[in-house]
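**Q** Chains A and B, in that order, give the protein sequences. Numbering-wise, the first sequence is residues 1 to 366 according to the working numbering. Numbering-wise, the second sequence is residues 367 to 732 according to the working numbering.
2 protein chains.
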Amino acid sequence: MEPQFTPLIDSLPSTVPFVGPEALERKRNRPFRARLGANENGFGPAPSVIAAMQENAAEAWKYADPENFDLKRALAVHLGVAPGNVVVGEGVDMLLGLAVRQYVREGTPVVTSLGAYPTFNFHVAGFGGRLATVPYRDDREDLDGLLAAVKREQAPLVYFSNPDNPMGTWWEAAEIERFINALPKETMLVLDEAYGETAPATALPPVDISRPNVLRMRTFSKAYGLAGMRCGYAIGAEKQIGAFDKIRNHFGMNKLTQIAALAALKDQPYLKNVIARIIAGRERIAQIAAQNGLQAIASATNFVTIDCGRDGPYALAVLNALIDRDVFVRKPMAPVLDRCIRVSVGLDEELDYFAQQLPEALAAVK
Amino acid sequence: MEPQFTPLIDSLPSTVPFVGPEALERKRNRPFRARLGANENGFGPAPSVIAAMQENAAEAWKYADPENFDLKRALAVHLGVAPGNVVVGEGVDMLLGLAVRQYVREGTPVVTSLGAYPTFNFHVAGFGGRLATVPYRDDREDLDGLLAAVKREQAPLVYFSNPDNPMGTWWEAAEIERFINALPKETMLVLDEAYGETAPATALPPVDISRPNVLRMRTFSKAYGLAGMRCGYAIGAEKQIGAFDKIRNHFGMNKLTQIAALAALKDQPYLKNVIARIIAGRERIAQIAAQNGLQAIASATNFVTIDCGRDGPYALAVLNALIDRDVFVRKPMAPVLDRCIRVSVGLDEELDYFAQQLPEALAAVK
Numbered sequence: 001m002e003p004q005f006t007p008l009i010d011s012l013p014s015t016v017p018f019v020g021p022e023a024l025e026r027k028r029n030r031p032f033r034a035r036l037g038a039n040e041n042g043f044g045p046a047p048s049v050i051a052a053m054q055e056n057a058a059e060a061w062k063y064a065d066p067e068n069f070d071l072k073r074a075l076a077v078h079l080g081v082a083p084g085n086v087v088v089g090e091g092v093d094m095l096l097g098l099a100v101r102q103y104v105r106e107g108t109p110v111v112t113s114l115g116a117y118p119t120f121n122f123h124v125a126g127f128g129g130r131l132a133t134v135p136y137r138d139d140r141e142d143l144d145g146l147l148a149a150v151k152r153e154q155a156p157l158v159y160f161s162n163p164d165n166p167m168g169t170w171w172e173a174a175e176i177e178r179f180i181n182a183l184p185k186e187t188m189l190v191l192d193e194a195y196g197e198t199a200p201a202t203a204l205p206p207v208d209i210s211r212p213n214v215l216r217m218r219t220f221s222k223a224y225g226l227a228g229m230r231c232g233y234a235i236g237a238e239k240q241i242g243a244f245d246k247i248r249n250h251f252g253m254n255k256l257t258q259i260a261a262l263a264a265l266k267d268q269p270y271l272k273n274v275i276a277r278i279i280a281g282r283e284r285i286a287q288i289a290a291q292n293g294l295q296a297i298a299s300a301t302n303f304v305t306i307d308c309g310r311d312g313p314y315a316l317a318v319l320n321a322l323i324d325r326d327v328f329v330r331k332p333m334a335p336v337l338d339r340c341i342r343v344s345v346g347l348d349e350e351l352d353y354f355a356q357q358l359p360e361a362l363a364a365v366k
Numbered sequence: 367m368e369p370q371f372t373p374l375i376d377s378l379p380s381t382v383p384f385v386g387p388e389a390l391e392r393k394r395n396r397p398f399r400a401r402l403g404a405n406e407n408g409f410g411p412a413p414s415v416i417a418a419m420q421e422n423a424a425e426a427w428k429y430a431d432p433e434n435f436d437l438k439r440a441l442a443v444h445l446g447v448a449p450g451n452v453v454v455g456e457g458v459d460m461l462l463g464l465a466v467r468q469y470v471r472e473g474t475p476v477v478t479s480l481g482a483y484p485t486f487n488f489h490v491a492g493f494g495g496r497l498a499t500v501p502y503r504d505d506r507e508d509l510d511g512l513l514a515a516v517k518r519e520q521a522p523l524v525y526f527s528n529p530d531n532p533m534g535t536w537w538e539a540a541e542i543e544r545f546i547n548a549l550p551k552e553t554m555l556v557l558d559e560a561y562g563e564t565a566p567a568t569a570l571p572p573v574d575i576s577r578p579n580v581l582r583m584r585t586f587s588k589a590y591g592l593a594g595m596r597c598g599y600a601i602g603a604e605k606q607i608g609a610f611d612k613i614r615n616h617f618g619m620n621k622l623t624q625i626a627a628l629a630a631l632k633d634q635p636y637l638k639n640v641i642a643r644i645i646a647g648r649e650r651i652a653q654i655a656a657q658n659g660l661q662a663i664a665s666a667t668n669f670v671t672i673d674c675g676r677d678g679p680y681a682l683a684v685l686n687a688l689i690d691r692d693v694f695v696r697k698p699m700a701p702v703l704d705r706c707i708r709v710s711v712g713l714d715e716e717l718d719y720f721a722q723q724l725p726e727a728l729a730a731v732k
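1. Enumerated in chain order, which unbroken segments of the alpha helix (DSSP H) with a length of 4 residues or greater are wholly contained in the segment 516 to 570 of chain B?
2. In chain order, what residues of the segment 563 to 594 of chain B put their CB closer than 7 Å to some CB of chain A?
3. Got a sec: is the Cβ-Cβ distance from B/A448 to anything in chain A below 8 Å?
4. At 4 residues or longer, and completely inside the segment 260 to 312 of chain A: list those alpha helix (DSSP H) runs for me, N to C.
5. Start and end of the beta strand (DSSP E) containing A/S344?
6. Any beta-carbon of chain B closer than 8 Å to the one on A/D245?
7. Does the structure place the segment 388 to 397 of chain B close enough to the segment 491 to 508 of chain B that three or more beta carbon pairs sit under 8 Å?
8. Identify the residues that DSSP records as bridge partners of B/I601: which are they?
9. If we count Cβ pairs, one from each stretch, closer than 8 Å, do we get three or more for the segment 619 to 638 of chain B versus the segment 575 to 591 of chain B?
10. Reducing DSSP to helix, strand and coil, say where B/F694 ends up.
11. Taking C-beta pairs closer than 7 Å, name the residues in chain B that A/G252 reaches, listed in chain order.
12. Looking at the unbroken alpha helix (DSSP H) that takes in B/P413, where does it start and where does it end?
13. Is A/Q4 near the ligand COA, going by C-beta to nearest heavy atom under 7 Å?
14. Rounded to a whole number of angstroms, what is the C-alpha to C-alpha distance between B/W536 and B/E472?
15. For the segment 619 to 648 of chain B, which residues have a beta carbon sitting closer than 8 Å to at least one beta carbon of chain D?
16. Is B/A491 helix, strand or coil when you go by DSSP?
17. Can you tell me which of the three DSSP states B/A687 falls into?
18. Touching or not, the segment 546 to 561 of chain B and the segment 456 to 466 of chain B, by the rule of three or more beta carbon pairs under 8 Å?
19. DSSP three-state label for B/A681, please.
20. Which residues does DSSP list as the beta-bridge partners of A/S113?
21. Hey, out of A/G252, A/A149, A/G312, A/I306, whose CA is closest to A/P66's CA?
22. Residues of the segment 396 to 407 of chain B with a CB closer than 9 Å to any CB of chain A: list them in chain order, please.
23. Under the assumption that B/E519 contacts B/V477 (Cβ atoms under 8 Å), give the Cβ distance between them as a whole number of angstroms.
24. Could you tell me how far apart the beta carbons of A/F354 and A/L131 are, in whole angstroms, since I believe they sit closer than 8 Å?
25. Taking the continuous alpha helix (DSSP H) assigned at B/K393, which residues delimit it?
26. Check whether the segment 221 to 240 of chain A touches the segment 196 to 209 of chain A, taking contact to mean three or more Cβ pairs, one atom from each stretch, closer than 8 Å.
27. On the CB-based measure, 16 or more other CB atoms within 10 Å of its CB, does B/T568 come out buried or exposed?
28. Among A/N56, A/N302, A/L114, which has the Cα closest to the Cα of A/P200?
29. Using a 10 Å radius around the Cβ and a threshold of 16 neighbouring Cβ atoms, would you call B/A642 buried or exposed?
30. Should B/T381 be labelled buried (16 or more other beta-carbon atoms within 10 Å of its own) or exposed?
31. Report all residues from its chain with a CB closer than 8 Å to the CB of B/D376; omit the five preceding and five following residues, and keep chain order.
32. Please report how far the alpha carbon of B/V640 lies from the alpha carbon of B/I654, in whole angstroms.
33. Can you list, in chain order, the residues of its chain whose CB lies under 6 Å from that of B/T485, leaving out five sequence neighbours each side?
34. Against chain A, with Cβ distances strictly below 8 Å, would B/F526 count as a contact?
35. Sort out for me which residues DSSP pairs B/A400 with in a bridge.
36. Whole angstroms is fine: what's the gap from B/Q657's alpha carbon to B/L549's?
Quick look at the structure:
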């Protein structure tokens, strides 16, 4: 005899949403020369943020304020809402898990796009939900298809990312508002805007906290360059935001992360500068693709998805050839999308290296 | 209409395990002069750890290795086990939540001591478990009582901390091994050793990863002085440790935390030095208590629980009088234990200030 897991836990597979680049480096026994696979932001956090972390490193013995009071207040001011409309968590990944837990139990149908964020799916599976997936249409998440699936399944939860990961595509705000208006009022929309800062302003609907069925999620991991510090936040109606307090890990936030996020939020000039560099990097990646006869898909994120022009196994071979050449990239896995590889914007020297290796990788695959 | 929470979420109260000192400071509109309430370690992390964080602050744009490979390997070497016997998480609080989720569903009986760690209880409630509590006996968790409750309830999960929080008391290893041997093999014991480093070596059973029904939890928050960085770990049999991978937030660890924890583990001379200072601090607190006619309970932790000699309301009044005098302390809340206040070891100047304020607080309460 030994302790018995719950039937749900017992039924879960031992899969992980992503393999980290460090695991690949250990397997290859060689470091990558270009780290362009995880949609990190190689420009890094602002010098003001790095300084704030360094100056406060000795404070690491203190638990962080469990209410995230200062950070929530600053975010609320930034967004033009009240602190009660914001919940801060250890990255969007954590907040997605908490959101799923609030609306999903065993057998609950949950709608998402086929090939969208695997970590959301991981949480749905982890709480026993049943995923109903909708294929992308023309490399975008299919808003009409998602809506139809929600209605068909009577799903209490639907996930939609704008801009989209892994394709980088986006919808304009008016389309999203139309989707929200058409959504059943009892269905919660998780609108993942992790890449919101790098999108055209026209892609983001105004923040509207009067809707109890929309949770918008944003992060310091992407444009702010703080993926390693784990800080995301959700914006919504007060009751729905307040419910996170019933189950979140109140002392889960990192003290230095609170300090870093506050400093990052204050340094909007740096953010603007980084966004300009990200946009330039996207153009560069698109050029590199074109120089190799490949088509880049227009992107509103900090990465560019490149259509390799053939099928999934071919794109996988290109990906592996790049990895063999010390370029860390990833790729979409769902059918049709899987003809692509996904390249994060990186430093100039990393993109130089990618530009140098891509033709060789393509030649090797031929 | 609005989105409906699951019935379980709907049923949960909006309580939090602890109010942070920052919330009290905001309420008082005045900072504390002695931060002695959260069992933090005011001696802080090692200079080598602070330096490692500072040197790597600019790396914060990278996600941490989701496998925690280097840290797990270092912990495994330190503990004399294999990496597969260790899971790293964002503090013991997080690992407790994951452990509860693995063994508890709605209605599952879970055994703990009445007045033991509230965050464990928070997680049990959060997953719908039913707490069966056992009163302390002579200010120690009652091993015989816990065992009887496990058998009576046929509980798949029991929580026991050694040394104990909030009383600071402990059992010797031989007693704990007797308890483990008597435990039904299908009952998982979470043995919380958050204060293990400050306990006498005789209080810690040898690490034995052959037992599938024991999960031992340890942390960098206490003796290592890294509460704000959120890093704990659990040690156990490979299958039970591996199950955490099914549900943990794989990219939840902070990059700087991995670096800090590795550096802290390497700097064992600093740890020894801090432990000596903690032991001296415990003696100092006991002296201060005695000078005021109060009895300190012998402690194996980084705090000392002081018997105020009367009932719960009296001890609460003492606590509030200390808080009024800018001394942040906490107290046990369960009957009988609630006659006490709990004072964390702090810097000499903080204990000086406590020594100065305690007589005034007692006088004010008289």
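Even glycine gets a Cβ: it sits at the ideal position worked out from N, Cα and C.
**A** In brief:
1. Uninterrupted alpha helix (DSSP H) stretches at least 4 residues long and entirely within the segment 516 to 570 of chain B occur at 539 to 548, given in chain order.
2. So the list reads P578, N579, G591, L592, A593, G594, given in the order they occur along the chain.
3. Not an interface residue.
4. The segment 260 to 312 of chain A contains these whole alpha helix (DSSP H) runs: 268 to 291.
5. Going by DSSP, A/S344 is part of the beta strand (DSSP E) stretching over 340 to 344.
6. Closer than 8 Å to some Cβ of chain B, the Cβ of A/D245 qualifies, so yes.
7. Too few Cβ pairs lie closer than 8 Å, so no.
8. The partner list for B/I601 (beta bridge, DSSP) reads B/V452, B/R582.
9. Under the 8 Å Cβ criterion, the segment 619 to 638 of chain B counts as touching the segment 575 to 591 of chain B, having at least three qualifying pairs.
10. Three-state DSSP puts B/F694 in a strand.
11. Under the 7 Å cutoff, chain B gives E456, G457, D459, M460, R596.
12. Note, B/P413: alpha helix (DSSP H), 413 to 422.
13. The model on display carries no ligand, and the ligand COA is accordingly not part of it.
14. Roughly 32 Å between the two C-alpha positions.
15. Here the protein chains are A and B, and chain D is not one of them.
16. Three-state result, B/A491: helix.
17. Reduced to three states, the DSSP call for B/A687 is helix.
18. The segment 546 to 561 of chain B is in contact with the segment 456 to 466 of chain B.
19. When DSSP states are grouped into helix, strand and coil, B/A681 belongs to the helix group.
20. Answer is A/V134.
21. Closest by alpha carbon: A/G252.
22. From the segment 396 to 407 of chain B, only R401, A404, E406, N407 have a Cβ closer than 9 Å to chain A.
23. With 8 Å as the limit, B/E519 and B/V477 qualify as a contact, their Cβ atoms being about 6 Å apart.
24. Between A/F354 and A/L131 the beta-carbon gap is near 34 Å, outside 8 Å, which marks them as no contact.
25. 387 to 394 is the extent of the alpha helix (DSSP H) around B/K393.
26. In short, these stretches touch, since the Cβ pair count reaches three.
27. Label assigned to B/T568: exposed.
28. Closest option to A/P200, Cα to Cα, is A/N302.
29. B/A642 should be labelled exposed.
30. An exposed status is given to B/T381, since fewer than 16 other beta-carbon atoms sit within 10 Å of its beta-carbon.
31. Sequence-distant partners of B/D376 (beyond 5 residues in either direction) whose C-beta falls short of 8 Å from its own C-beta, in its chain, are Q370.
32. Answer to the nearest angstrom: the Cα atoms are 21 Å apart.
33. So the qualifying residues of the chain are P383, D459.
34. B/F526 does not count as touching chain A.
35. Residue pairing by DSSP places B/A400 opposite B/V693 in a beta bridge.
36. Roughly 43 Å between the two C-alpha positions.
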